[in-house]
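Input: a single structure, listed below in structure tokens.
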């Protein structure tokens, strides 16, 4: 996609000061709007957010309500289907649609919490390593190398195995596993920014380390961090669903997509819908964040555009 | 080059030390008493004391780590609580199954992924390019534990084309040589077993291949596009060489460097990350073994298996690194 003339005009402010300069944020948003893939991702994410926020209003049933007369009902388009249960029911007679809608809530929360943990500790570690360099840098990055020496899903499984299976521990495990992503990224950006004149200028004016890092340097590393965070949501949701599927995350009867799949697995010969729909939800949610992340990368980092 | 290899191999030592420390410390994550966690709440005090003593849990932590490291250096990972079998023996029994599955998956992923990537790059912005980009974005977003189940419903349950799970049918005999069943059946000219083993392998291997396939096709596309823009490609075309020769002889050769790297890294991830696929297809590999250790609270086995996989994982990454430097002399130490 070629940059439009009015956008390029905004970049270096012209001498006469007449032209309105566009902030980098607005410029990025404009570029993002033109990226069809990113917009598709954004629409998917917003749909899930609405589902999560208004679950009690949208869901036709209570996600935990059992109806033993309505066990294993197929979706409505099947001859034996029932309009009261549009996507069918599971082996406890719980409405699949309602459970899926409430599941969005859990997946969004998991995404936010796990990413927040990884982002917080990763950024802190990366910023400190990149800013101070030398031995501190060496120590921190060695630690990150060790975390990276495990295939991510295995490390998450093992951490939960020792801490005890629960959704809370799954979020912690996924957060910890993803710390190195952010640490590496932030370290690289901080090192690059640190040598620049504006940082040295602020330092000469007597700014303290914390101020230099958080007020001056980090805001300039935001673009890649935003991209990585968006993609991080995708992998956090996927990993959490995997852990719950293995029985190490959300516990029954919590309406979590991965846990629903685990339950549906036992019904694989009798109720294809109990397996199909929760999986499609996981796929769509992960896809949404991956699409947006890809689009953001193109929009925020013009150098990467083809 | 020698210096580079030496430097990289030596840098493996602190990493492995760190891994061992982390794996060792995991037992500290257990809330409460590990012995009680393993034996259950109703275990007698004497049984608990005996287990604590056997695992050395009654010693100060640095003594525990010293013992742990001492055994590790002799290649001893202890015994599995469930079977009282040596953990190394159990691992070596099961690891070949994981290797076979991962090899099959990476072959499928590389063949299809590179094919899609090359076509996409040589016909940039064509329908094929567009479709394959969308498909690979779906591929990287795929919950493979779900895909495995869906493929199972379609191909095993409904169509009855392939077996539901496992590595070999119960009525097939196979003389085990390498424990890679497909290879073993070829070595022993046992074609009935060959067909059976391949049939069992197809679905899990394809399931496991989706994410690396998507990654490989994306890196192939971008790497090829970058090379195709270079001057020497235009020169080759100007000389009158055919498109085919330019694409496959000139461009692909230089585009291969990042592709090889990604294939190697993905293979490492597969070896340790096949847990989900192994679980779904009851594939008796190391991932399923570790997971069963988790369910049985056999923390010894979980630690041993994790240590083993992490070691394999960093070793593969090291080999990939060295290969990368070997094919690309511009990379030096640092």
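Residue numbers (my numbering), protein chains in the order written: chain A, -3 to 302; chain B, 53 to 386.
Using N, Cα and C, we set each Cβ at its ideal position, and we do this for glycine too.
Exercise. Could you check what DSSP says for residue 91(A) in three-state terms: helix, strand or coil?
Key: In this structure, DSSP gives residue 91(A) an extended state, which the three-state scheme calls strand.
Exercise. Please classify residue 131(B): does DSSP put it in a helix, a strand, or coil?
Key: In the structure shown, residue 131(B) adopts extended strand secondary structure according to DSSP, grouped into three states.
Practice problem: Taking all protein chains shown into account, decide if residue 218(B) is buried (16 or more other Cβ within 10 angstroms of its Cβ) or exposed. | Solution: Around the CB of residue 218(B), fewer than 16 other CB atoms lie within 10 Å, so the residue is classed as exposed.
Exercise. State yes or no: is the C-beta of residue 370(A) within less than 7 Å of the C-beta of residue 273(A)?
Key: In the structure as shown, chain A begins at -3 and stops at 302. Residue 370(A) is therefore absent and cannot be evaluated.
Exercise. Compare the C-alpha of residue 350(B) against each of 69(B), 261(B), 78(B) and name the closest.
Key: Of the listed residues, the one whose Cα sits closest to residue 350(B) is 78(B).
Quiz item: Residues bridged to residue 30(A) by DSSP?
Solution: The secondary-structure analysis by DSSP pairs residue 30(A) with nothing; it has no beta-bridge partner.
Practice problem: List the residues that DSSP assigns as beta-bridge partners of residue 85(A). | Solution: Answer is 91(A).
Quiz item: Terminal residues of the continuous alpha helix (DSSP H) containing residue 165(A)?
Solution: From DSSP, the alpha helix (DSSP H) with residue 165(A) extends over 163 to 173.
Quiz prompt | Those runs of the alpha helix (DSSP H) which lie wholly inside the stretch 291 to 341 of chain B and span at least 4 residues | solution = Within the stretch 291 to 341 of chain B, the complete alpha helix (DSSP H) runs of at least 4 residues are 304 to 325, 327 to 332.
Exercise. Would you verify that the beta carbon of residue 175(A) is, or is not, closer than 7 Å to some beta carbon of chain B?
Key: By this cut-off, residue 175(A) is not an interface position.
Quiz item: Alpha carbon to alpha carbon, what distance is there between residue 58(A) and residue 77(A)?
Solution: Taking the straight line joining both Cα atoms gives about 19 Å.
Quiz item: Should residue 267(B) be flagged as near chain A, meaning a C-beta pair shorter than 7 Å?
Solution: Judged by the 7 Å Cβ criterion, residue 267(B) is not in contact with chain A.
Quiz item: By Cβ distance, which residues of its chain are closer than 8 Å to residue 166(B), with the 5 residues on each side in sequence left out?
Solution: Closer than 8 Å at Cβ, skipping near neighbours: 268, 269, 272, 311.
Exercise. In the DSSP assignment, find the unbroken alpha helix (DSSP H) run with residue 356(B) in it and report its ends.
Key: Element bounds for residue 356(B): 351 to 379.
Exercise. Please classify residue 141(B): is it buried, with 16 or more other beta-carbons within 10 angstroms of its beta-carbon, or exposed?
Key: A residue is called buried when at least 16 other Cβ atoms come within 10 angstroms of its Cβ; residue 141(B) does not meet this threshold and is exposed.
Quiz prompt | Pairwise C-alpha distance: residue 171(B) and residue 303(B) | solution = Approximately 13 Å, taken between the alpha carbons.
Quiz item: Taking Cβ positions only, does residue 158(A) come closer than 7 Å to chain B?
Solution: In terms of beta-carbon proximity, residue 158(A) lines the interface with chain B, with at least one pair separated by less than 7 Å.
Exercise. Assuming residue 282(A) and residue 222(A) form a contact by the criterion Cβ under 8 Å, report the distance between their Cβ atoms to the nearest whole angstrom.
Key: Contact between residue 282(A) and residue 222(A) fails: their C-beta atoms lie close to 18 Å from each other, not under 8 Å.
Practice problem: Kindly say whether residue 336(B), judged by its beta-carbon, lies nearer than 7 Å to any beta-carbon of chain A. | Solution: Using beta-carbon distances, residue 336(B) does not count as an interface residue toward chain A, since no partner is under 7 Å.
Self-check item: Cβ-based contacts, 8 Å cut-off: residues of the stretch 63 to 78 of chain A near chain B
Solution: The residues in question: there are none.
Exercise. Answer with yes or no whether the minimum CB distance from residue 81(B) to chain A is below 7 Å.
Key: Taking 7 Å as the CB threshold, residue 81(B) lines the interface with chain A.
Practice problem: Tell whether a beta-carbon distance below 7 Å holds between residue 52(A) and residue 94(A). | Solution: Remark: C-beta atoms of residue 52(A) and residue 94(A) do not approach each other more closely than 7 Å.
Quiz item: Taking a cut of 8 Å between CB atoms, which residues from the stretch 191 to 202 of chain B lie near chain A?
Solution: Under the 8 Å Cβ criterion, the stretch 191 to 202 of chain B contributes 192, 193, 194, 195, 197, 198, 199, 201, 202.
Quiz item: Considering only residues of the stretch 206 to 260 of chain B, which uninterrupted alpha helix (DSSP H) runs meet the minimum length of 4 residues and lie entirely inside it, listed in chain order?
Solution: Restricting attention to alpha helix (DSSP H) runs no shorter than 4 residues, the stretch 206 to 260 of chain B encloses them at 233 to 239, ordered along the chain.
Exercise. Step through the CB atoms of chain B and report whether any lies within less than 7 Å of the CB of residue 286(A).
Key: Chain B, which has a Cβ nearer than 7 Å to the Cβ of residue 286(A), makes this yes.
Exercise. For residue 66(B), go through chain A and note every residue whose CB falls closer than 8 Å to its CB, in chain order.
Key: Chain A residues near residue 66(B): 138.
Self-check item: Simplified DSSP state of residue 67(A), which is helix, strand or coil
Solution: DSSP, reduced to helix, strand and coil, places residue 67(A) outside both helices and strands of the structure shown, so it counts as coil.
Exercise. Name the residue from 233(B), 333(B), 118(B), 262(B) whose alpha carbon lies nearest to the alpha carbon of residue 184(B).
Key: Out of 233(B), 333(B), 118(B), 262(B), 262(B) has the C-alpha closest to the C-alpha of residue 184(B).
Quiz item: In chain order, what residues of the stretch 211 to 240 of chain A put their CB closer than 7 Å to some CB of chain B?
Solution: Per Cβ criterion, the list reads 230, 234, 237, 238.
Quiz prompt | Opposing strand residues paired with residue 138(B) [DSSP bridges] | solution = Answer is 131(B).
Quiz item: What does residue 127(A) reach in chain B if we use C-beta pairs closer than 9 Å?
Solution: Chain B residues near residue 127(A): none, gap ~20 Å exceeds 9 Å.
Quiz prompt | Residues that residue 361(B) contacts on chain A, provided the C-beta gap is smaller than 8 Å | solution = Chain A residues near residue 361(B): 146, 147, 150.
Quiz item: Between which two residues does the alpha helix (DSSP H) carrying residue 246(A) extend?
Solution: In the DSSP annotation of this structure, residue 246(A) is not part of any alpha helix (DSSP H), being labelled neither H nor E.
Quiz item: Going along chain A in order, which residues have a C-beta closer than 9 Å to the C-beta of residue 285(B)?
Solution: What residue 285(B) touches in chain A: nothing, since even the nearest Cβ is about 16 Å away.
Practice problem: Quick one: give me the first and last residue of the alpha helix (DSSP H) that residue 59(B) is part of. | Solution: Looking at the DSSP string, the run of the alpha helix (DSSP H) that includes residue 59(B) is 54 to 77.
Quiz item: With respect to the alpha helix (DSSP H) encompassing residue 62(A), which residues constitute its N-terminal and C-terminal limits?
Solution: Where residue 62(A) is concerned, there is no enclosing alpha helix (DSSP H), given that its DSSP letter is neither H nor E.
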